[in-house]
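All remarks here apply to the structure that follows.
Numbering (this note's numbering), first residue to last: 167 to 608.
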């Protein structure tokens, strides 16, 4: 679910990697990424066997929801409509008992999974897709996505005509070292520790990511088919998993129509973004006299940390408002802060319908404060901020705590930010037409 980004290096021309409609893949997965990495301050379940009965059942449930949580959950507090009435859990246990007694396939009744589902239903009842419960596995994935690191083989996954495929192996990853190539089809996966030895034809992308990831030093065997090979047969590749670092900031210097620009791409606002950003900015400053401007590329950036977006926007102007947050009680203005090292350098912003949340904050701040041009497509339109809370069972919850407004007061939720210059990628060519249009707009 991540894109690959070459190391920071100068380039003479503008090219793009056109592999199996990667753009469409990213557009499809952006909604999932938004739930995981939206603007943050601050469902998969493993089988555990048959449903335990009696005290075993109560013990298991108590391990998922601590006694204190259960005690507190019997009464709603605060300013809710039901703050003065007790919550009756009798219906919950009635349904539980009927399922336990009458369900046709009792082996499918998993107490832990059922409790996770009940909690997820509680957040879903609010009708806010960004207030969501993440079971332990999903919560771990969310943390890894924001951290920019995980243990795995280092493959960007997608589909080719319905078959799981390698979009690209990450540079210097275990997969690349094992000889995996872009375009390889993954037809079978075997992992002795996980007990997996099956064809991948029915797997969702989410399942494929989960199954191919694993612990450091653990092997996984992928059965591959390489369409470009003269040998029309499958072959096995054993890969030893290791830590995978996925960069969130990429810089390259490109030339087009006599203009040389810094193409600066941010794929998310995660824990490593600030450090990677500093490295890229230092390279830009070293080349400042030879560039026309900066193309800030936030296409398919689903968001991330609220504070990081403020820091990055603050590099381009001083003193103005970056974003306003409207909470339950008050509205707070967040003003530009930081080094403002890129003030005065012309900037054009690339966005599309996959640009959301924190990336929209940056785009909106630069649009309102320095009249930066937006090139591409109207953005996604996510105008809320979530707080991330860790739970005692290893899960987590993202809670919407406010709306964010552009510096001039506009709320773009469900609307998006319109672009100044519309541009779309032509998937039949090697060039990145949106980037070219951005360079031409200086």
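The beta-carbon is built from N, C-alpha and C at its ideal position, and this holds for glycine as well.
Figure out for me which residue from the options has the closest Cα to the Cα of residue i.
{"i": "residue 403", "options": "419, 385, 418 and 420", "result": "385"}
{"i": "residue 537", "options": "515, 590, 581 and 543", "result": "515"}
{"i": "residue 469", "options": "547, 532, 607 and 542", "result": "547"}
{"i": "residue 484", "options": "594, 535, 253 and 373", "result": "535"}
{"i": "residue 551", "options": "392, 565 and 291", "result": "565"}
{"i": "residue 382", "options": "432, 445, 408 and 398", "result": "408"}
{"i": "residue 585", "options": "574, 530 and 554", "result": "530"}
{"i": "residue 367", "options": "414, 488 and 389", "result": "389"}
{"i": "residue 521", "options": "472, 583 and 503", "result": "583"}
{"i": "residue 628", "options": "473, 277, 397 and 324", "result": "Limits of the chain in this structure are 167 at one end and 608 at the other, which puts residue 628 out of reach."}
{"i": "residue 282", "options": "560, 577 and 587", "result": "560"}
Going by beta carbon distance, what residues of the same chain come within less than 6 angstroms of residue i, once the five residues before and after it are set aside?
{"i": "residue 508", "result": "481 and 482"}
{"i": "residue 357", "result": "386"}
{"i": "residue 572", "result": "530 and 534"}
{"i": "residue 475", "result": "435, 524, 527 and 528"}
{"i": "residue 594", "result": "none"}
{"i": "residue 497", "result": "490"}
{"i": "residue 199", "result": "Only weak support exists for where residue 199 lies, its pLDDT of 47 falling under 50; the value from the coordinates is given anyway. Result list for residue 199: 468, in chain order."}
Can you list, in chain order, the residues of its chain with a C-beta nearer than 8 angstroms to that of residue i? Leave out the 5 residues immediately preceding and following it.
{"i": "residue 419", "result": "176, 177, 426, 427, 428, 429, 453 and 457"}
{"i": "residue 608", "result": "425, 427, 458, 459, 512 and 514"}
{"i": "residue 556", "result": "305 and 562"}
{"i": "residue 580", "result": "547 and 549"}
{"i": "residue 442", "result": "413, 414 and 415"}
{"i": "residue 500", "result": "476, 487, 488, 489, 490 and 491"}
Tell me which residue opens and which closes the alpha helix (DSSP H) that residue i is part of.
{"i": "residue 261", "result": "256–268"}
{"i": "residue 275", "result": "Note, residue 275: premise wrong, no alpha helix (DSSP H); not H, not E."}
{"i": "residue 604", "result": "599–606"}
Go through its chain and collect everything with a Cβ distance to residue i's Cβ below 7 angstroms, but skip five positions before and after it.
{"i": "residue 379", "result": "316, 317 and 318"}
{"i": "residue 606", "result": "423"}
{"i": "residue 401", "result": "390"}
{"i": "residue 464", "result": "432, 515, 516, 517, 521, 525, 528 and 529"}
State the start and end residues of the unbroken beta strand (DSSP E) segment that holds residue i.
{"i": "residue 565", "result": "562–571"}
{"i": "residue 414", "result": "Residue 414 -> no beta strand (DSSP E), and no H or E assigned at all."}
{"i": "residue 318", "result": "315–318"}
{"i": "residue 300", "result": "298–300"}
When the distance is taken between beta carbons, is residue j closer than 7 angstroms to residue i?
{"i": "residue 542", "j": "residue 479", "result": "no"}
{"i": "residue 604", "j": "residue 570", "result": "no"}
{"i": "residue 332", "j": "residue 346", "result": "yes"}
{"i": "residue 320", "j": "residue 341", "result": "yes"}
{"i": "residue 344", "j": "residue 405", "result": "yes"}
{"i": "residue 540", "j": "residue 517", "result": "yes"}
{"i": "residue 374", "j": "residue 417", "result": "no"}
{"i": "residue 568", "j": "residue 492", "result": "yes"}
{"i": "residue 312", "j": "residue 437", "result": "yes"}
At a threshold of 6 angstroms, does residue i count as lining the ligand HEM (C-beta to nearest heavy atom)?
{"i": "residue 579", "result": "As presented, the structure is devoid of all ligands, the ligand HEM included, so that no description of it is given."}
In chain order, which continuous runs of the beta strand (DSSP E) of length 3 or greater are located wholly inside the segment 367–403? 385–391
Where are the alpha helix (DSSP H) runs, 4 residues long or more, that stay fully inside the segment 326–374, in chain order? 340–343
Going residue by residue through the segment 421–491, where are the continuous alpha helix (DSSP H) segments of at least 4 residues, counting only ones entirely within it? 439–452 and 472–479
To test your reading of the DSSP string, which unbroken alpha helix (DSSP H) runs of 4 or more residues are found completely within the segment 489–571? 524–536
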